[in-house]
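Below: one structure, written as structure tokens.
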Amino acid sequence: MKEPMTTEQLLQGLKHYRRIARQDMLRAPETPHPEAFLQHAESRRGIYVALATHAESHAPDEVIAHALTLYQGLPFVTGTAEHEYPEIKGQENALENFFLLVGLDPKARREARSRRPKLGTPAAERPADTATPGQPVT
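With my numbering, the residue at position 60 of the sequence shown is 747, and numbering never jumps.
So this is what it looks like as structure tokens:
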């Protein structure tokens, strides 16, 4: 991992990502699957907002741990059509962007990824503190 980020740097990076997601929301009508593209951008933006809110009252390392927990709770949707499961794919994309922002060790991300449930795993079998796909992340 690179030099630890300050809370201010973390918030600044998340703000930048939120702006990109907002721009993507505005250009959704120009894409082949406008509704899916919009949902993907909205879910990315939602993750960035949730992480920024968490960062306002927690240390950067706690925000990273929270993001890893959220990531582990997302079901795998890899291999599905581009326009399917846009909320889950958007959350996954946002969390992976966040991991790049903070310089998370790729091994740590891979380990978290390996703990993710398969699509269709009942929510009862998943950890209680993880995000439910398509629902706001707290």
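Each residue gets a CB set at the ideal place from its N, CA and C atoms; glycine is no exception. The structure presented is a predicted model; accordingly, all values stated were derived computationally and were not measured.
Listed in chain order, the alpha helix (DSSP H) elements of length 4 or more contained wholly in the region 750-788 amount to none. Three or more pairs of CB atoms, one per stretch, sit closer than 8 angstroms, so the region 776-785 contacts the region 740-759.
Cβ-Cβ distances below 7 angstroms link Leu725 to Met712, Ala715 in the same chain, with the five nearest sequence neighbours on each side left out; the list follows chain order.
Exclusion of the five residues before and after Arg731 leaves Ala708, Gly777, Asn780, Ala781 as the residues of its chain whose Cβ lies within less than 7 angstroms of its Cβ.
If you draw a 10 Å sphere on the C-beta of Arg803, you find 16 or more other C-beta atoms in it, and that means buried.
Lys702: member of the alpha helix (DSSP H) spanning 694-714, first to last residue. Note that the region 789-797 does not touch the region 761-773; fewer than 3 beta-carbon pairs, one per stretch, sit closer than 8 angstroms.
Distance check between Glu771 and each of Glu695, Ala799, His720, Gln696 places His720 closest, using alpha-carbon atoms only. Ranked by Cα distance from Ile734, the options Ala746, Gly700, Glu690, Glu769 are led by Gly700. Between Ala742 and Thr694 a beta carbon distance of about 6 angstroms is seen, short of the 8 angstroms cut, so the two are scored as contacting.
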